[in-house]
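Enquirer: Protein chains in written order, with the numbering used here: chain A, 74 to 238; chain B, 74 to 238. We put the CB at the ideal spot given by N, CA and C, even for glycine. I have a structure I would like to understand better, so I am pasting it below and will then ask my questions one at a time.
There are 2 protein chains.
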Amino acid sequence: MLQKRIDDQPSISREMVREAQDILHRHLKRVGLKQTAQRDTILRSFLETRDHLSTDELHRLVQKKDPSIGYTTVYRTLKLLAECGLASEVAFHDGIARYEHQYNRRSHHHMVCTECGGSVEFFSPEVSELEAEIGRRYHYETTRHTFQIYGVCEDCRKKNSARPA
Amino acid sequence: MLQKRIDDQPSISREMVREAQDILHRHLKRVGLKQTAQRDTILRSFLETRDHLSTDELHRLVQKKDPSIGYTTVYRTLKLLAECGLASEVAFHDGIARYEHQYNRRSHHHMVCTECGGSVEFFSPEVSELEAEIGRRYHYETTRHTFQIYGVCEDCRKKNSARPA
DNA sequence: TTGAAACTGAATTTCATTTTCAATATCCGC
DNA sequence: GCGGATATTGAAAATGAAATTCAGTTTCAA
């Protein structure tokens, strides 16, 4: 899936990688889990992207660094990253779980093109206010929300009008 | 999954059932499909609820009227109902597709309890305005959006504090 | 160093969804 | 009302993503 971004160069500095690794290691220690080379490799691969990665896509990236790392480990490590706040799951409605960086990132939402799968991020504090307000009104202790907009991007509309169905 | 509503009495009048059936029948004719007793039965069962039904749940309701109707037919009919605007899919992100009435219903959103699965509906025109605004800003032709709030409802919080983990 | 505990990854299982296919029902023109 | 072409039905099988299992491997605290 495409996203309108230049994703080839690492999006994050060496120090940030170290810091993220520390967060992961502390989390592992806290919950009595172990630090492994695989988990570090997977974290580094993850940090080097800015896409919304599926387990499968991240697995492919990880394999470039270490072909012996299996899909299952990537799958489990993504859950770990989500647990310690380094990643967060983002569900577009195509039935595939995706993850994105959460580290040092202000809350945002996505608008997804249903033709090409591309997406743009946008920021909208009103949505969080709405979450709080609705929670108060119905006595829910809210934890999170999802908000996605679906549509067709400009490029796809141009393609469609050039070659209509 | 529970919803805080009295759902035993039909939520929709006889005339509305007829009207919905007409909509379905017209749709079938339009796309060259056939009117069948099963489809009518499934539509009626669907209209008699106000829950957010999974295919499986609707299948169970349908079987009370006609035990010979299979899961597959319910599944396919729900897609048909969605096609002709009588139902719409609503994803609570628990891996199960749900459908709700769309007929004569103003746009609304859901807040879902992650403990008991219960939900409340709320109305918030700001969200649609936001959809339009963000669409304009990034030159997307928007078609729809999803917005859900997740949290823990009052009842589940009481239960939790009575019997803490 | 050592051993208990956790990890790994291939394979398997799970589970909702989707497709297949042979038997059946619908409905269009007569 | 009567074919018969065409769609429908529902059981069963297939699919595909997610989750779990298990035997062998690695980590790390003492």
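#1: Work out the CA separation of Val-135/B and Ser-118/B for me, nearest whole Å.
#2: Counting Cβ pairs closer than 8 angstroms, one from the segment 210-230 of chain A and one from the segment 200-220 of chain B, do we hit at least three?
#3: Just the chain A side, please: which residues come within less than 7 angstroms of Gln-221/B by C-beta, in chain order?
#4: Below 8 angstroms, is the gap between the Cβ of Gln-175/A and the nearest heavy atom of the ligand ATP?
#5: In this structure, does DSSP put Ser-127/A in helix, strand or coil?
#6: Report yes if the CB atom of His-181/A is closer than 9 angstroms to the CB atom of Glu-199/A, and no otherwise.
#7: Select from His-100/A, Glu-162/A, Leu-120/A, Arg-99/A the residue whose C-alpha is nearest the C-alpha of Met-89/A.
#8: According to DSSP, is Gly-158/B helix, strand or coil?
#9: Around the C-beta of Arg-171/A, are 16 or more other C-beta atoms found within 10 angstroms, so that it is buried, or is it exposed?
#10: Of all the options Leu-97/A, Ala-160/A, Ser-127/A, which has the alpha carbon lying nearest to the alpha carbon of Gly-190/A?
#11: Leu-203/A: which of Ser-201/B, Tyr-144/B, Ser-197/B, Glu-156/B sits nearest, CA to CA?
#12: What does Thr-187/A touch in chain B if you count any residue whose Cβ is under 8 angstroms from its own?
#13: Where do the N-terminal and C-terminal ends of the beta strand (DSSP E) with Phe-220/A fall, by residue?
#14: Chain B beta carbons: is any one of them nearer than 9 angstroms to that of Arg-91/A?
#15: Going by the DSSP bridge assignment, what does Val-185/B pair with across the sheet?
#16: In the structure shown, what three-state DSSP assignment does Val-104/A receive?
#17: Looking only at DSSP bridge pairs, what is Val-163/A linked to?
#18: Using a beta-carbon distance cut-off of less than 8 angstroms, what residues from the segment 194-213 of chain B approach chain A?
#19: Could you tell me whether any Cβ in chain A is nearer than 9 angstroms to the Cβ of Arg-179/B?
#20: Would you report the Cα separation of Lys-232/A and Ile-207/B, rounded to the nearest angstrom?
#21: Any idea what DSSP makes of Ile-207/B, helix, strand or coil?
#22: Tell me which same chain residues have a C-beta within less than 6 angstroms of the C-beta of Thr-187/A, skipping the five on either side of it?
#23: Using only alpha-carbon positions, find the residue among Leu-154/A, His-212/A, Lys-137/A that is nearest to His-98/A.
Expert: Let's see:
#1: Numbered from 1 along the second sequence, position 45 holds the residue referred to as residue 118/B. Numbered from 1 along the second sequence, position 62 holds the residue referred to as residue 135/B. Ser-118/B and Val-135/B: Cα-Cα distance of roughly 6 angstroms.
#2: yes
#3: For this step, residue 221/B is matched to residue 148 along the second sequence. Chain A residues near Gln-221/B: His-218, Thr-219.
#4: Looking for the ligand ATP in the displayed structure turns up nothing, as the structure carries no ligands at all.
#5: Here residue 127/A is taken as the residue at index 54 of the first sequence, counted from 1. If DSSP states are grouped into helix, strand and coil, Ser-127/A belongs with the strands.
#6: To locate residue 181/A, count along the first sequence from 1; it is residue 108. To locate residue 199/A, count along the first sequence from 1; it is residue 126. At least 9 angstroms separates the beta-carbon of His-181/A from that of Glu-199/A.
#7: Position 16 of the first sequence holds residue 89/A. For Met-89/A, the closest C-alpha among the options His-100/A, Glu-162/A, Leu-120/A, Arg-99/A is that of Leu-120/A.
#8: Residue numbering aside, residue 158/B sits at position 85 when the second sequence is read from its first letter. DSSP places Gly-158/B in the coil class of the three-state scheme, outside both helix and strand.
#9: Within the first sequence, residue 171/A is the residue found at index 98, counting from 1. The residue in question, Arg-171/A, is buried, as its Cβ has 16 or more Cβ neighbours within 10 Å.
#10: Your numbering for residue 190/A matches position 117 in the first sequence. Among Leu-97/A, Ala-160/A, Ser-127/A, the Cα nearest to that of Gly-190/A is on Ser-127/A.
#11: Taking the first sequence and counting its residues from 1, one reaches residue 203/A at position 130. Considering only alpha carbons, the answer is Ser-197/B.
#12: Within the first sequence, numbered from 1, the residue matching residue 187/A stands at position 114. Near Thr-187/A (Cβ distances below 8 angstroms), the residues of chain B are Thr-216.
#13: Here residue 220/A refers to the residue found at position 147 of the first sequence. Note, Phe-220/A: beta strand (DSSP E), 214-225.
#14: As a working note, residue 91/A is residue 18 in the first sequence. Chain B contact via Cβ: absent.
#15: Taking the first residue of the second sequence as position 1, residue 185/B is located at position 112. Answer is Ser-192/B, Tyr-223/B, bridged to Val-185/B.
#16: Taking the first sequence and counting its residues from 1, the one referred to as residue 104/A is at position 31. Coil, per DSSP.
#17: Walking along the first sequence from the start, residue 163/A turns up at place 90. BP columns for Val-163/A point to Arg-171/A.
#18: Of all residues in the segment 194-213 of chain B, only Phe-195, Ser-197, Glu-199, Val-200, Leu-203, Glu-204, Ile-207, Gly-208, Arg-210, Tyr-211, His-212, Tyr-213 place a beta-carbon less than 8 angstroms from a beta-carbon of chain A.
#19: As a first step, residue 179/B is located in the second sequence; it is residue number 106 there, counting from the start. Judged by the 9 angstroms Cβ criterion, Arg-179/B is not in contact with chain A.
#20: Here residue 232/A refers to the residue found at position 159 of the first sequence. Here residue 207/B refers to the residue found at position 134 of the second sequence. Roughly 22 angstroms separates the two Cα atoms.
#21: Counted from its first residue, the second sequence places residue 207/B at position 134. Three-state result, Ile-207/B: helix.
#22: Your numbering for residue 187/A matches position 114 in the first sequence. Closer than 6 angstroms at Cβ, skipping near neighbours: Tyr-223.
#23: On the first sequence, residue 98/A is found 25 positions in, with the first residue counted as 1. Residue Leu-154/A is the option with its Cα nearest to His-98/A.
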